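Trainee: Before anything else, here's the structure in question.
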Amino acid sequence: MAHVTDIHPCRWRMTPMHQRPFPAGQGRGQGVGMTQIQSLTTLAPGCATIVLRGPAEPVRGVVHWPRLPLPPAGPRPVAVVVSPSTGDRLVPPERLARPLVADAQLMVLALTVPEPRAAADVEAVWTALLWVADHAREIDGDPDRLLLIGQAGAADVARTLAGRAHEAGWPPLWRLVLLPSTPESRDLPPSGPGPPALAELTTPAEPVQPYERRHLS
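Start counting the sequence shown at 1; every next residue gets the next number (UniProt numbering).
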């Protein structure tokens, strides 16, 4: 059985995740289920590390959520942000998550992959997408409003998995955002505001088509 430790007490109409049932076989993940979670550990208010049981190795990420005193009016869109672990001209994942959480009030799962073109890393991100699709509602997320962001070398991963989701019969992604490396993003610290245009891309009237590119200027 998966081990879940140090769950942050939920403040949004939900009991702690380790006390909630995770029904297998429901949602787009087709039975990913509770056994996929190995740990969920609070780092700070509004931030926790998550480890999922991947196809080959554990899939590690960081979950960010808005820190509000009141429950949300309804399920929030969920963003999955994928970044390479090394490379020049990268925006730190914490900085990418900030405008999505603070300005657009989204739930964010940030993932870092060592080799974006490696098949194992593509499968790791797919595992995370399946988990989000199956269990988003349990963290006040809306699985039908899924934002997928790929930065630099990980943009190919996002594009590949958008196509796989389409072929698997998923509804169109709410947003597919591909972020190129820019000279301005080199060696940026985690603190400070995120890209200002990022939150603006999270309020569309209609979903985008599965292969549509969205670049930030």
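Glycine included, every Cβ here is placed at the ideal spot set by N, Cα and C. Computed from a prediction, not measured in an experiment: that's the story for all the values here.
What does DSSP give as the partner residue(s) for residue 77 in the beta ladder?
Mentor: As a first step, residue 77 must be located in the sequence shown, where it is residue number 77. Paired residues: 142.
Trainee: By Cβ distance, which residues of its chain are closer than 6 Å to residue 51, with the 5 residues on each side in sequence left out?
Mentor: Start at 1 with the first residue of the sequence shown, and residue 51 comes out as number 51. If we look at residue 51 and ignore the five residues flanking it on each side, its Cβ neighbours are 38, 39, 58 and 60.
Trainee: Under the DSSP definition of a beta bridge, which residues are partnered with residue 133?
Mentor: In the sequence shown, counting from the first residue as 1, residue 133 sits at position 133. Paired residue(s): none; residue 133 is not in a bridge.
Trainee: Does the Cβ-Cβ distance between residue 154 and residue 84 come in under 8 Å?
Mentor: Position 154 of the sequence shown holds residue 154. Position 84 of the sequence shown holds residue 84. A contact, by the Cβ cut-off of 8 Å.
Trainee: For residue 33, count the other beta carbons within 10 Å of its own beta carbon; 16 or more makes it buried, fewer makes it exposed. Which is it?
Mentor: Taking the sequence shown and counting its residues from 1, one reaches residue 33 at position 33. Low confidence applies here, because residue 33 scores a pLDDT of 45, under 50, leaving its location unreliable; read the following figure in that light. Label assigned to residue 33: buried.
Trainee: If we cut at 8 Å on Cβ distances, does residue 177 have a partner in chain D?
Mentor: Chain labels in this structure do not include chain D; a single protein chain is all it has.
Trainee: How should residue 167 be labelled, buried or exposed, when 16 other C-beta atoms within 10 angstroms of its C-beta is the threshold for buried?
Mentor: Within the sequence shown, the letter at position 167 stands for residue 167. Classification of residue 167: exposed, given that the 10 Å Cβ count is below 16.
Trainee: Roughly how many whole angstroms lie between the Cα atoms of residue 55 and residue 126?
Mentor: As a working mapping, residue 55 is identified with position 55 in the sequence shown. As a working mapping, residue 126 is identified with position 126 in the sequence shown. Distance between the alpha carbons of residue 55 and residue 126: 10 Å.
Trainee: By the DSSP assignment, the beta strand (DSSP E) with residue 60 in it spans what residues?
Mentor: Numbered from its first residue, the sequence shown carries residue 60 at position 60. First-last of the beta strand (DSSP E) with residue 60: 59–64.
Trainee: Under the three-state reduction of DSSP, which class applies to residue 84: helix, strand or coil?
Mentor: Stepping through the sequence shown from its first residue, residue 84 is reached at position 84. Three-state result, residue 84: strand.
Trainee: Helix, strand or coil, according to DSSP, for residue 176 in the structure here?
Mentor: Numbered from 1 along the sequence shown, position 176 holds the residue referred to as residue 176. Strand.
Trainee: How far does the beta strand (DSSP E) with residue 106 in it extend, from its first residue to its last?
Mentor: Stepping through the sequence shown from its first residue, residue 106 is reached at position 106. It is not in any beta strand (DSSP E) - residue 106 carries neither H nor E in the DSSP assignment.
Trainee: If the criterion is Cβ atoms closer than 8 Å, does the pair residue 133 and residue 147 meet it?
Mentor: On the sequence shown, position 133 is the one that residue 133 refers to. On the sequence shown, position 147 is the one that residue 147 refers to. No, the pair does not count as a contact, with Cβ atoms beyond the cut-off.
Trainee: Do you know how far the Cα of residue 149 is from the Cα of residue 303?
Mentor: Because the chain is modelled from 1 through 217, residue 303 falls outside the range shown and cannot be assessed.
Trainee: Tell me which residue opens and which closes the alpha helix (DSSP H) that residue 96 is part of.
Mentor: Within the sequence shown, the letter at position 96 stands for residue 96. Element bounds for residue 96: 93–98.
Trainee: Quick one, are the C-beta atoms of residue 108 and residue 100 less than 8 Å apart?
Mentor: Counting from 1 along the sequence shown, the entry for residue 108 is found at position 108. Counting from 1 along the sequence shown, the entry for residue 100 is found at position 100. Yes, they are a contact pair.
Trainee: Which residue wins for smallest C-alpha separation from residue 141, given the options 158, 160 and 106?
Mentor: Counting from one through the sequence shown, the residue named residue 141 turns up at place 141. Residue 141 has its Cα closest to that of 106, out of 158, 160 and 106.
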